[in-house]
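Down below is the structure, laid out as C-alpha cells.
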Amino acid sequence: MPKNKIPSYRGSLRRSGYNVLKLLSGKIINVPLGLAQIYLTTRLIGDKGYGFLVLIYAFGQLVGDVAEFQSWQTVLHYGLKPYQNKDLPLFQRVLRFSFLLDACSATFALVVSVLIAINFSNILGWPPEWHYLGIIFSFSVLFTTSATANGVLLLLNRYDLLAIQGTTTTTVRFLGIAFLTLIHGGMLGAVIVWTFATFMNFITILVTALYQLYKQGFLKGFFNRINDGLTKDLPGIWKFAWNTNINMTFSLVSAHITAQIIGSMLGTVQNARYSIANKISEAIAKPVIMLQSTLYPEMTRSWQGSKPSHLYKMALQITLLTGGIISVIFLILPYIAPYIISLLLHKSTTPETLHLLYWLAGAKAVILWGISLEPILITTGNTKGASISRGINSFIYIPMLIIFIQKWGIQGIGPATLISSVLLVISQILFVIKYKKKTITQ
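The structure is reproduced here in C-alpha cells:
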C-alpha cells in the first residue's frame with residue numbers, strides 16, 4: 001500500500017499495532033536520550049534548578065494547552081471524506097479553518113503567558129532570582145501550537161514521520177545540555193536550550209506536514225480560495241472544534257496544573273521528585289498510550305464507513321490488550337523502580353518517592369484500562385459527553401489534590417491522582433453506554 005493512501009476500516013487493530021511500532025521506533029531513541037538528559041540536567045543545575053525548569057515548562061504547556069484548539073481532531077473528523085474523494089476545495093477549507101485556529105491560539109497563548117510571567121511569578125512558585133528566566137521561556141509558548149500539522153500526518157497515515165519528529169525536542173535538549181556541561185554552563189543556558197528545543201519541534205512538524213501536502217498537490221491554489229467561506233459545507237465544525245478543545249483542555253490542564261500546585265505548595269525540590277516519578281510512570285505506559293493516537297483515524301474510518309459494530313469490537317480488543325500489558329508491567333515495577341530513581345536523582349531513593357511512583361503508576365494503569373472510551377465518544381460525535389467527563393473530573397481533582405497535599409504533603413499526590421483516574425473512567429463508561437443505547441433506539 002502506498003504510504004499516503006488511506007486504508008479501509010478492515011484490519012484496524014493490526015494496523016494500529018503496526019503504527020504503534022512505527023511510533024515506538026522513535027521512542028527507542030527518545031526514552032534513553034530523555035533519561036540521559038534528565039541525568040545531565042540534574043547534575044548541571046541540581047534538583048532545584050531542574051525543578052524550576054519543570055515548573056516553567058509546565059506553565060508554558062498549561063497556557064498553550066488552554067489556548068490551543070485540538071484541531072488535529074477537526075482535520076481527521078472533517079478532512080477524511082474530502083481527502084478520500086479528492087475534493088480539493090473542501091479539503092483545503094478544512095485545512096484553512098484548522099490553521100486559523102492554530103494561529104489564533106498561538107497569538108493568544110503568547111500574550112497570556114508573557115503577562116502572567118511578568119506579573120504573577122511569585123504565585124507560580126518561581127524563585128525571585130530566576131524570575132527573568134521564566135519570562136524568557138514564556139515566549140516559547142508561541143511555538144507550542146502544531147495540532148493541524150499533527151492531524152495532517154495522522155490523516156495521511158505517516159506515523160513514520162511522526163516517530164522521527166517525536167525525537168526532536170529530546171534530541172535538542174540532550175545535545176544542548178551536554179554542550180552546557182562541557183562549558184560549565186548554568187541556568188540561563190539550560191532555559192535557552194529548552195526554549196530552542198520547543199521552537200525546533202514546532203518547525204520540524206510544520207515543515208514535514210506542509211511538504212507532504214505539497215507532494216500530493218493539496219497546497220495548489222491554497223490561498224486563491226480564501227473567499228470560498230471558512231466553514232462552507234462543514235456543518236457543525238465550530239461546535240466540534242469547541243467541544244474537543246474544552247475536553248482536551250480539561251485533560252491537559254489537570255496534568256500541567258499539578259506541577260504548578262506542587263511547585264507553589266511544596267517547592268521546586270519536591271516538584272523535581274514528583275516530575276521524575278511521573279516521568280517514569282509515563283515512560284512505562286508510553287508504548288500503550290501511543291496506541292490511543294492510532295485509534296482515532298481507525299475509529300473515524302469505521303464510523304464514517306457505517307461500521308459501528310466494528311468500532312466497538314475494536315475498542316474491546318484494544319482494552320483487553322492494553323489493560324493486560326500495563327497490568328504485567330505494574331507487577332514488575334517494584335523490582336526496577338528504585339534503581340532508576342537513584343540513578344536520576346544521584347542519591348539513594350527515598351521511600352516517599354517510591355510510594356509516589358507506585359500510586360502514579362496505578363493511576364496510569366486505570367486510565368489505560370479505559371483507553372478506548374474517549375476515542376469512542378469523540379468519534380461518534382458525543383464530544384459533549386467527553387467534555388463533561390473531563391470537566392467534572394478536573395473540578396473534583398484539583399481541590400482534592402490541594403487538600404491531600406495540605407494534609408499529607410507529597411504523599412497526598414498519589415491517592416488524589418488514582419481516585420481521579422477511577423472517577424474519570426467510570427464517568428466515560430456511563431456516557432458510552434448512554435450514547436450507545438440512544439443510537440440503538442434511533
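For the sequence shown, the numbering used here assigns the number 1 to the initial residue and increments by one for each residue that follows.
Just so it is clear, CB atoms sit at the ideal spot from N, CA and C, and this is done for glycine as well.
Please read all numbers here as calculations on a predicted model, not as lab measurements.
Check                                                                                                                                                                             : Outcome
State the Cα-Cα distance for the pair S71 and W194, rounded to the nearest angstrom.                                                                                              : 25 Å
Is it buried or exposed, R273, if we count other Cβ atoms within 10 angstroms and call 16 or more buried?                                                                         : buried
Going by C-alpha distance, which of T353, L316, T322, N201 is nearest P334?                                                                                                       : T353
Can you find the residues in the same chain that come closer than 6 Å, C-beta to C-beta, to A241, ignoring five residues on each side of it along the sequence?                   : F69, T74
On the three-state DSSP scale, how would you describe S8?                                                                                                                         : In this predicted model, S8 has a pLDDT of only 46, less than 50, meaning its place in the structure is not dependable; the value taken from the coordinates is given anyway. Coil, per DSSP.
Judging by CA-CA distance, which residue of N278, V63, T231, W369 is the nearest neighbour of S113?                                                                               : V63
Are the beta-carbon atoms of T142 and F59 separated by less than 8 Å?                                                                                                             : The residue asked about is misnamed: residue 142 is Leu in this sequence, not Thr. For L142 and F59, no; Cβs fall outside 8 Å.
Apart from the five residues on each side of it in sequence, which residues of its chain come closer than 7 Å, Cβ to Cβ, to N30?                                                  : G166, T167, T170
Return the residue from the list I376, I402, I410 that minimises the CA-CA distance to Y435.                                                                                      : I376
Can you find a C-beta in chain C that's less than 8 Å from the C-beta of V207?                                                                                                    : In the displayed structure, chain C is absent; only one protein chain is listed.
Between the Cα of L110 and the Cα atoms of L156, V66, I177, I289, which residue gives the shortest distance?                                                                      : V66
Assuming V193 is part of the alpha helix (DSSP H), what are its boundary residues?                                                                                                : 187-215
In or out: Y296 buried (at least 16 other Cβ within 10 Å) or exposed?                                                                                                             : buried
Whole angstroms is fine: what's the gap from T249's alpha carbon to S342's?                                                                                                       : 34 Å
In terms of alpha-carbon separation, which member of V425, Q84, L252 lies closest to A365?                                                                                        : V425
On the CB-based measure, 16 or more other CB atoms within 10 Å of its CB, does L162 come out buried or exposed?                                                                   : buried
Could you name each continuous alpha helix (DSSP H) segment of 4 residues or more that falls completely within the stretch 125-179, going from the start of the chain to the end? : 131-138, 147-155, 159-165
DSSP three-state call for H256: helix, strand or coil?                                                                                                                            : helix
Suppose you measure from the CA of G79 to the CA of Q260; what does that come to, to the nearest Å?                                                                               : 36 Å
Out of curiosity, what's the CA-to-CA distance linking M200 and G186?                                                                                                             : 21 Å
Can you tell me which of the three DSSP states K81 falls into?                                                                                                                    : helix
Smallest Cα separation from T148: which of I398, S427, V94?                                                                                                                       : V94
With C-beta atoms as the reference, is S387 less than 8 Å away from N247?                                                                                                         : yes
Once you ignore the five residues that flank L155 on each side, which residues in its own chain have a CB closer than 8 Å to its CB?                                              : I6, V75, L76, G79, L80, Y83, P297
Which class does P2 belong to by DSSP, given the choice of helix, strand or coil?                                                                                                 : A caution first: P2 carries a pLDDT of 48, below 50, which makes its placement in the model too unreliable to give a value.
Do you know how far the Cα of I205 is from the Cα of L55?                                                                                                                         : 25 Å
Buried or exposed: where does P2 fall if 16 or more other Cβ atoms within 10 Å of its Cβ makes it buried?                                                                         : Because P2 sits at a pLDDT of 48, beneath the cut-off of 50, its placement in the model cannot be relied upon, and the following sentence gives the value as read from the coordinates. Exposed, since its Cβ has fewer than 16 Cβ neighbours within 10 Å.
Could you spell out the range, first to last residue, of the alpha helix (DSSP H) harbouring Y374?                                                                                : Looking at the sequence shown, residue 374 is not Tyr but Glu. Run containing E374: 373-379, per the alpha helix (DSSP H) assignment.
Hey, quick one: how far does the alpha helix (DSSP H) through S353 stretch, first residue to last?                                                                                : Looking at the sequence provided, one finds Thr at residue 353 rather than Ser. Start and end: 351-369.
Going by beta carbon distance, what residues of the same chain come within less than 7 Å of G412, once the five residues before and after it are set aside?                       : F404, I405
At the level of alpha carbons, what is the spacing between N243 and S251?                                                                                                         : 13 Å
Rounded to whole angstroms, how far is the Cβ of N393 from the Cβ of S420, which I believe are closer than 8 Å?                                                                   : 6 Å
Taking 8 Å as the threshold (C-beta atoms), are S98 and G151 in contact?                                                                                                          : yes
According to the Cβ coordinates, are A178 and L40 closer than 8 Å?                                                                                                                : yes
Which same chain residues, not among the five before or five after F196, have their C-beta less than 8 Å away from its C-beta?                                                    : V172, G176
Let's test the definition: count the other Cβ atoms within 10 Å of the Cβ of S327 and tell me whether it reaches 16, buried, or not, exposed.                                     : exposed
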